[in-house]
Amino acid sequence: MSEQFEPVIVGFLCNWCSYRAADLAGTARIKYAPNMRPIRVMCTARIEPQFVLKALREGADGVLIAGCHPGECHYVEGNIKALRRHTLLKQMLRQFGVEEERVQIVWASASEGRMLAEAVDRMTEQVRALGPLRWKQTVLSGNGSVELAAAGHQEEVTLPEAEEV
Amino acid sequence: MSEKVGVYVCHCGTNIAGKVAVEEVAEWAGKQPNVEIARDYKFMCSSLGQELIEEDIKDKGLTRVVVAACSPHMHEKTFRTACQRAGLNPFLFEMANIREHDSWTTDDNDAATHKAKALVRGAIDRVVHHQPLEPLPVEINSNTLIVGGGIAGISAALELADAGYHVYMVEREPSIGGHMAQLDKTFPTLDCSACILTPKMVDVGQHDNITLLSYSEVEEVDGYLGNFTVTVRKKARYVNEELCTGCGICVEKCPKKVVDNVFEAGVGMRKVIYTPFPQAVPKYPVIDTENCTYFIRGKCKACQIFCPTDAIDFEQEDEMVKFQVGNVILATGYQLFDVSRIPRYGYGRLANVFTSLEFERLVNASGPTSGKVVLRDMETAPKSVAIVHCVGSRDQNYHEYCSKVCCMYSLKFAHLIHERLPDAQVYNFYIDVRTPGKGYEEFYHRLLDEDTNFIRGRVAEITDVPRTPEEEGKLIVQAEDTLLMLQRRIPVDMVILSPAMEAYSDSREVSQLFKMGCDFEGFFIERHPKLDPVATMTEGIFIAGACQGPKDIPDSVAQGAAAAARVASLIARGTVMMEPVRASIDEDKCCGCRLCNELCPYNAIEFHEDRKVSEVITALCQGCGACVATCPSEAITGAHFTKQQVMSEIEGILWDMITEPVAAPEPVEA
Numbered sequence: 001m002s003e004q005f006e007p008v009i010v011g012f013l014c015n016w017c018s019y020r021a022a023d024l025a026g027t028a029r030i031k032y033a034p035n036m037r038p039i040r041v042m043c044t045a046r047i048e049p050q051f052v053l054k055a056l057r058e059g060a061d062g063v064l065i066a067g068c069h070p071g072e073c074h075y076v077e078g079n080i081k082a083l084r085r086h087t088l089l090k091q092m093l094r095q096f097g098v099e100e101e102r103v104q105i106v107w108a109s110a111s112e113g114r115m116l117a118e119a120v121d122r123m124t125e126q127v128r129a130l131g132p133l134r135w136k137q138t139v140l141s142g143n144g145s146v147e148l149a150a151a152g153h154q155e156e157v158t159l160p161e162a163e164e165v
Numbered sequence: 166m167s168e169k170v171g172v173y174v175c176h177c178g179t180n181i182a183g184k185v186a187v188e189e190v191a192e193w194a195g196k197q198p199n200v201e202i203a204r205d206y207k208f209m210c211s212s213l214g215q216e217l218i219e220e221d222i223k224d225k226g227l228t229r230v231v232v233a234a235c236s237p238h239m240h241e242k243t244f245r246t247a248c249q250r251a252g253l254n255p256f257l258f259e260m261a262n263i264r265e266h267d268s269w270t271t272d273d274n275d276a277a278t279h280k281a282k283a284l285v286r287g288a289i290d291r292v293v294h295h296q297p298l299e300p301l302p303v304e305i306n307s308n309t310l311i312v313g314g315g316i317a318g319i320s321a322a323l324e325l326a327d328a329g330y331h332v333y334m335v336e337r338e339p340s341i342g343g344h345m346a347q348l349d350k351t352f353p354t355l356d357c358s359a360c361i362l363t364p365k366m367v368d369v370g371q372h373d374n375i376t377l378l379s380y381s382e383v384e385e386v387d388g389y390l391g392n393f394t395v396t397v398r399k400k401a402r403y404v405n406e407e408l409c410t411g412c413g414i415c416v417e418k419c420p421k422k423v424v425d426n427v428f429e430a431g432v433g434m435r436k437v438i439y440t441p442f443p444q445a446v447p448k449y450p451v452i453d454t455e456n457c458t459y460f461i462r463g464k465c466k467a468c469q470i471f472c473p474t475d476a477i478d479f480e481q482e483d484e485m486v487k488f489q490v491g492n493v494i495l496a497t498g499y500q501l502f503d504v505s506r507i508p509r510y511g512y513g514r515l516a517n518v519f520t521s522l523e524f525e526r527l528v529n530a531s532g533p534t535s536g537k538v539v540l541r542d543m544e545t546a547p548k549s550v551a552i553v554h555c556v557g558s559r560d561q562n563y564h565e566y567c568s569k570v571c572c573m574y575s576l577k578f579a580h581l582i583h584e585r586l587p588d589a590q591v592y593n594f595y596i597d598v599r600t601p602g603k604g605y606e607e608f609y610h611r612l613l614d615e616d617t618n619f620i621r622g623r624v625a626e627i628t629d630v631p632r633t634p635e636e637e638g639k640l641i642v643q644a645e646d647t648l649l650m651l652q653r654r655i656p657v658d659m660v661i662l663s664p665a666m667e668a669y670s671d672s673r674e675v676s677q678l679f680k681m682g683c684d685f686e687g688f689f690i691e692r693h694p695k696l697d698p699v700a701t702m703t704e705g706i707f708i709a710g711a712c713q714g715p716k717d718i719p720d721s722v723a724q725g726a727a728a729a730a731r732v733a734s735l736i737a738r739g740t741v742m743m744e745p746v747r748a749s750i751d752e753d754k755c756c757g758c759r760l761c762n763e764l765c766p767y768n769a770i771e772f773h774e775d776r777k778v779s780e781v782i783t784a785l786c787q788g789c790g791a792c793v794a795t796c797p798s799e800a801i802t803g804a805h806f807t808k809q810q811v812m813s814e815i816e817g818i819l820w821d822m823i824t825e826p827v828a829a830p831e832p833v834e835a
């Protein structure tokens with residue numbers, strides 16, 4: 001495999017902080033990985049877990065959720081609601097065999113273009129190292145095991161037991 | 166459903182076309198489902214570009230429009246208006262951000278083009294599901310809240326009040342005036358600061374259209390543009406304002422004096438019942454309960470005994486005042502950097518190291534020394550003075566930014582020392598002398614002629630440990646003179662530190678109270694750094710003066726007036742149109758679980774006990790969508806961010822990823 005794997009990440013950016021952080025990164029001509037494709041939402045609280053699942057199912061290798069810092073939400077505490085949903089969703093994704101790094105939540109205020117760019121770069125590298133998600137094999141026919149297709153070889157990883165709730 | 170979508174790809178000169186193959190993207194877009202026509206054009210935002218859209222809507226019967234250009238925060242409104250002019254509902258438009266989010270962020274032309282296609286396809290797939298929406302009319306209450314009674318707030322208040330609109334001014338200190346009231350002279354004209362400020366303070370105090378709430382703080386803000394409900398805590402002064410005439414007998418008779426750390430910056434004293442300065446507005450004194458003998462030991466009452474109008478009221482309590490305003494101007498100002506954070510400069514340890522504000526009080530004719538420049542012993546005049554620029558500013562350890570005003574006031578100090586002590590030597594230690602402004606550079610040249618010693622070099626240390634007999638008993642300022650390439654040790658009697666202007670330590674709490682943003686340093690964020698410097702991301706909240714960033718007096722005055730003009734324009738309109746991005750509940754689907762009721766940060770969802778369903782109060786809804794994502798029966802729709810719209814955008818943005826259909830149950834969609 002001579003060609004490097006380029007992951008595709010869907011970014012859900014909140015209108016007030018992170019979308020503007022991405023705007024600022026552009027205005028300041030900060031260069032970062034072109035792998036993140038942004039979708040604007042008014043607030044991270046609007047992001048239904050189904051949006052994340054939809055993106056992964058449609059072929060994304062990762063999903064980045066970016067909102068205002070805790071305490072700075074334009075809608076008081078929508079970001080906290082998003083964080084709670086993300087915590088629950090993470091547990092479910094683990095049971096699906098989707099690695100934790102593939103769905104991340106970060107905070108970037110409107111003045112933190114550089115921070116958002118760095119988060120995208122970092123996540124792109126993490127997901128690149130994991131390899132393509134391959135939803136169909138991983139989640140639909142994985143039978144409790146994750147198939148990782150990183151660096152040209154496949155390796156079997158046993159899923160952690162589902163936690164007792 | 167068959168929609169006719171028009172796609173317009175902007176070159177933005179070379180800003181986009183330099184990285185993204187715009188012709189290729191446009192040609193490709195023309196082949197996407199539902200697309201009727203796709204074009205590329207040099208500048209879509211130009212009137213010719215907009216006309217292109219308008220003509221296509223009319224001639225080709227377009228029902229949806231996508232523009233791939235800059236950020237929607239830049240030009241969404243422009244293109245929505247163009248659609249509207251051609252008779253298309255403005256919400257049947259979508260923007261793909263291929264400049265800020267694409268061409269400007271990568272050097273890889275192929276990757277940029279590929280990403281542009283994904284963003285365009287996302288917008289196409291989303292826009293076909295858009296629904297026509299009508300903006301919501303909102304009435305604007307003509308009252309305005311101004312927080313902060315410094316020069317920026319005063320200038321905003323007078324503009325609005327003179328225009329005939331009512332203003333509530335809330336000031337935390339017992340008097341308005343802010344930092345400007347503490348200064349001696351203003352650069353570069355050397356006007357007496359108090360002489361130009363106090364008439365304006367009096368105007369505020371006497372204006373029929375201004376309700377002045379001094380010694381008060383905003384506790385709570387509810388509502389939205391046009392209709393804010395504000396709760397203010399009016400702290401107990403222990404003086405009945407209706408009876409007090411401001412005669413000052415109470416202050417005169419009060420037997421106790423304490424150091425005044427606020428107005429006199431710690432170099433002067435004040436009584437325990439006090440007005441901060443003689444020209445204070447309002448004129449009513451305040452009792453400092455922490456130091457008052459009566460409040461400590463229950464005895465004294467000298468002020469009460471001597472008050473000719475029985476205005477002293479020891480039983481007074483904090484009062485909550487509630488009122489309605491349509492707009493808010495925040496002019497909360499700045500604080501000075503705490504110079505003791507740089508221990509090698511010796512402030513607090515070496516008596517004759519002063520801060521700029523302390524020196525302002527010393528040199529002020531109405532200050533504690535009646536304008537005599539003296540050392541901390543309050544009698545000896547210094548024979549030599551060092552002024553240190555950039556203390557805590559232009560320093561990566563503290564504040565990276567330039568504080569803008571310090572060079573000018575440091576030059577002013579040098580001039581005032583020459584004036585008061587003609588024989589004294591003055592040394593200005595600077596990194597660069599920055600004097601942009603009308604008449605500022607000329608003032609610098611005047612100082613060069615006044616024999617001020619300018620030494621270019623950041624001060625390394627201020628010490629009282631002598632190395633030579635001449636340094637005995639002096640403060641030694643050590644710095645590398647970067648012009649002479651020499652280490653220099655200058656023995657002086659007095660050192661003045663010029664600290665950075667910084668955001669108030671509680672500015673973050675203030676920004677949360679008003680639900681708007683502040684940056685990493687704590688300064689409030691303007692809507693646009695170039696084109697919208699006094700508005701904020703939150704409709705109806707404006708900012709003015711040094712709370713937005715370091716600023717001198719003329720800039721603060723200009724911003725105050727600018728913010729007032731913005732507010733006046735909203736009030737004059739009477740009714741403004743708000744984005745209809747709001748939630749609504751389908752009563753037939755609502756199961757009455759009430760999950761959304763508690764989740765709404767604005768209490769905008771009402772539960773009808775009789776019908777067991779919830780309903781959104783549209784006027785209160787701000788459109789965050791938290792309830793939409795939560796509703797288990799999918800009864801809530803978030804206008805312009807519906808599930809179908811977002812889901813379709815996800816599909817579109819990943820148009821190139823689907824290699825084989827994946828069998829998974831589709832979410833139920835109405």
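Protein chains in written order, with my numbering: chain A, 1 to 165; chain B, 166 to 835.
Every residue, glycine too, gets a C-beta built ideally from N, C-alpha and C.
Under three-state DSSP, which class holds residue i?
i: M239(B); result: helix
i: A430(B); result: coil
i: V293(B); result: coil
i: F707(B); result: strand
i: C457(B); result: coil
i: I263(B); result: coil
i: E667(B); result: strand
i: R29(A); result: coil
i: P587(B); result: coil
Would you give the residue range spanned by the beta strand (DSSP E) that residue i belongs to?
i: T740(B); result: T740 to M743
i: G149(B); result: This structure cannot speak to residue 149(B), because chain B is shown only from 166 to 835.
i: D205(B); result: V200 to Y206
i: A66(A); result: G62 to G67
i: C175(B); result: V170 to C175
i: T87(A); result: No beta strand (DSSP E) contains T87(A), which is instead part of the alpha helix (DSSP H) from G78 to F96.
Check whether the Cβ atoms of residue i and residue j sit closer than 8 Å, and answer yes or no.
i: P656(B); j: E674(B); result: no
i: S18(A); j: E72(A); result: no
i: N618(B); j: V591(B); result: yes
i: I706(B); j: L495(B); result: yes
i: I620(B); j: D646(B); result: yes
i: A288(B); j: V231(B); result: yes
i: I884(B); j: G391(B); result: Residue 884(B) lies beyond the range of chain B shown here (166 to 835); nothing can be said about it.
i: S358(B); j: A726(B); result: no
i: L130(A); j: E99(A); result: yes
How many Å lie between residue i and residue j at the Cα?
i: T278(B); j: E816(B); result: 18 Å
i: F479(B); j: V404(B); result: 8 Å
i: G532(B); j: C235(B); result: 55 Å
i: S734(B); j: K603(B); result: 29 Å
i: R134(A); j: H86(A); result: 21 Å
i: A644(B); j: T628(B); result: 12 Å
i: L227(B); j: C248(B); result: 10 Å
i: V486(B); j: Y333(B); result: 11 Å
If the cut is a Cβ gap below 9 Å, which residues of chain B does residue i touch?
i: S109(A); result: G682, C683, D684, F685 and I690
i: H74(A); result: K680, M681, G682, M702, T703, Q787 and C789
i: G71(A); result: R673 and Q677
Counting along the chain, where does the alpha helix (DSSP H) carrying residue i start and finish?
i: E645(B); result: Per DSSP, E645(B) belongs to no alpha helix (DSSP H); it is in the beta strand (DSSP E), L640 to D646.
i: S212(B); result: S212 to K225
i: I311(B); result: Unbroken run through I311(B) is the beta strand (DSSP E), T309 to V312; no alpha helix (DSSP H).
Residues of chain A with a CB under 7 Å from the CB of residue i: which are they?
i: W193(B); result: Result: empty, since nearest Cβ-Cβ is about 16 Å, beyond 7 Å.
i: E814(B); result: I39
So residue i contacts chain B; which residues on that side make the cut at Cβ distance below 8 Å?
i: A66(A); result: Those do not exist, as A66(A) stays about 12 Å from chain B at its closest Cβ, beyond 8 Å.
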